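FYI, my numbering numbers position 74 of the sequence shown as 78, with every residue one higher than the one before it. Ideal placement from N, C-alpha and C gives every residue a C-beta, glycine not left out. Here the structure is a predicted model, which means the values were calculated and not measured. Here is the structure we will look at, set down as structure tokens.
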Amino acid sequence: MEDDRESGALTPPRGSGPGRSGVRPGAWADAQAGLGPDARPDIRVANAPCSWGLIGQGDPGTGYARMLDELVETGYVGTELGDYGYMPTDPAALHDELAGRGLTLLGAFAGVTLRERGVAASARVRLVRLAALLAEAERGPRRPYLVLADADGLYPVRAANAGRVTPELGLSRSEWKVFAANAEEVARIVAGETGLGTVFHPHCAGFVETPDEVERLLDLTDPDLMGLVFDTGHHVYGSAKPDEDGQSAVVGLERFWDRVRYVHFKDVDGAVAERARRAGWDLRQAVRAGVFAELGKGTVDFAAVLDVLRRRGYSDWLTVEQDVLPGMGTPKESAGRNREFLRGLGL
């Protein structure tokens, strides 16, 4: 039987104009935020529990109350939820914890094994529970997103090759159809049950990691249903090549701009990334070695990324995510240094 695996030759990009919906870039995000066409607020800065070691790898060692206190003390005004159950799951209690600290709840990560047929339906209860918590706990005009991703780390071939994925390790044509259909169905479920939007997060060790894989998914999905989270770190490391001039994130942001709704700032230590590729490390080993560096200490040209965002009229949040494993480093101090770096860029 002939293998239907993709050869790496992908459908050409849509171009720089609006997606097939005809929606002005940024209008979808403005509508989610409750903003009129002339309202362009300043970019605001958040952080997330993953910067304190909560990345689905067990107890981070820091309780949610302390994490939120440290997040506020280091100058951030928004957060993501983190793993379900880390923060209160009662919407009123969660609202009080966040509002009492002046924090906006921006979204929550949801990993789903999207290449499996029927998974959107089987995950429905879990996804609606998560999205409903977001919708009820956050009462401000900026509505949270369900941050959808392929469930990374579950497929050995992808986990073992994170940061150096080649086309033959990707999905087949038939698997792409299932993957995209599941992603769209998740977005429909979330919107129908809670009114929230869904944004897809390309993630190393999942089946949408490389820029070409991102393009393929966007080409197969409706921009009215699903936007994109642009994560600078996962984009750079997932590009599978050295970021010698620091412009990989800039190129990627421009390439996918029409679908970008939300942005994560994450840096990449180029030396660690290359060591990981040469040594054949999996993603966990690379993270343990510090592949995701503090902002300004890696290869990403954040000034240039921010210039693109401002020039394009980006009106949403930047969330700092410095993925660390439990017990790594000093999260509060790192968060403070990351915030100071962004202040130096005018944020």
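For Gly-65 and Gln-251, the gap between their C-alpha atoms comes out near 35 Å.
Residues Gly-167, Arg-168 of the same chain have their beta carbon placed closer than 7 Å to that of Arg-281, with the five preceding and five following residues left out of the count. In the DSSP assignment, Leu-222 falls within the unbroken alpha helix (DSSP H) covering 215-224. When beta bridges are read from the DSSP output, Gly-294 appears opposite no residue. For His-238, the three-state secondary structure derived from DSSP is helix.
Spatial neighbours of Pro-92 in its own chain (CB-CB distance under 7 Å, excluding positions within 5 residues in sequence) are listed in chain order as Leu-98, Glu-101.
Comparing alpha carbon positions, the residue from Arg-130, Ala-308, Asp-327 closest to Gln-289 is Asp-327. By the neighbour-count definition (other C-beta atoms within 10 Å, threshold 16), Gly-89 is an exposed residue.
Per DSSP, Asn-186 is one residue of the alpha helix (DSSP H) stretching across 177-198.
Excluding five sequence positions before and after Val-76, the CB atoms of its chain that fall closer than 8 Å to its own CB belong to Arg-105, Gly-106, Leu-107, given in chain order. Under the DSSP assignment, Ala-103 falls in the alpha helix (DSSP H) whose first and last residues are 95-103. Between Tyr-159 and the set Arg-341, Val-291, Asp-262, Glu-120, the nearest pair of CA atoms involves Glu-120.
In the three-state reduction of the DSSP assignment, Asn-342 falls in the helix class, which pools H, G and I. Between Thr-303 and Lys-270, the C-beta gap is not smaller than 7 Å, which leaves the two residues out of contact. Three or more Cβ pairs closer than 8 Å define a contact, and the segment 207-215 meets that threshold against the segment 147-162.
Relative to Gly-174, the option among Asp-154, Glu-188, Ile-193 whose CA is nearest is Asp-154. The segment 295-335 is shown to contain whole alpha helix (DSSP H) runs of 4 or more residues at 306-315, in chain order. Comparing alpha carbon positions, the residue from Gly-331, Gly-300, His-268 closest to Leu-349 is Gly-300. Only buried fits Gly-274, as 16 or more other CB atoms lie within 10 angstroms of its CB. A distance below 8 Å between beta-carbons, with the five flanking residues on each side excluded, links Leu-137 to the following residues of its chain, in chain order: Leu-85, Tyr-88, Thr-93, Pro-95, Leu-98, Ala-112. Residue state for Met-230 is assigned as strand, using DSSP reduced to three classes. Cβ-Cβ distances below 7 Å link Val-272 to Gly-237, Val-240, Tyr-241, Asp-247, Val-295, Phe-296, Ala-297, Gly-302, Thr-303, Val-304 in the same chain, with the five nearest sequence neighbours on each side left out; the list follows chain order. Only exposed fits Glu-344, as fewer than 16 other CB atoms lie within 10 angstroms of its CB. When DSSP reads this structure, Arg-48 sits in a beta bridge with Trp-321. In this model, Met-230 and Arg-279 are separated by some 35 Å (Cα to Cα). Counting other Cβ atoms within 10 Å of its Cβ, Glu-337 stays below 16 and is therefore classed as exposed. Distance from the CA atom of Trp-56 to the CA atom of Gly-333, rounded to whole angstroms, is 9 Å. Taking Val-151 as reference, the option from Trp-261, Gly-331, Phe-234 with the minimal CA-CA separation is Phe-234. By the neighbour-count criterion, in which a residue is buried when 16 or more other Cβ atoms sit within 10 angstroms of its Cβ, Arg-314 is exposed. According to DSSP, residue pairing for Gly-111 in a beta bridge involves Tyr-149. Using a Cβ distance threshold of 7 Å, Ala-124 and Val-218 do not count as a contacting pair. Rounded to whole angstroms, the Cβ separation of Val-194 and Leu-109 is 15 Å, and the two are not in contact under 8 Å. Residue burial annotation: Ser-126 is exposed, with fewer than 16 other C-beta atoms found within 10 angstroms of its C-beta.
Contact check for Val-324 against Ala-253 fails: the beta carbons are separated by 7 Å or more. Cβ contact annotation for Val-312 (same chain, cutoff 7 Å, sequence separation greater than five): Val-254, Leu-257, Glu-258, in chain order. With a contact defined as Cβ atoms closer than 8 Å, Ala-139 and Gly-199 qualify at about 6 Å.
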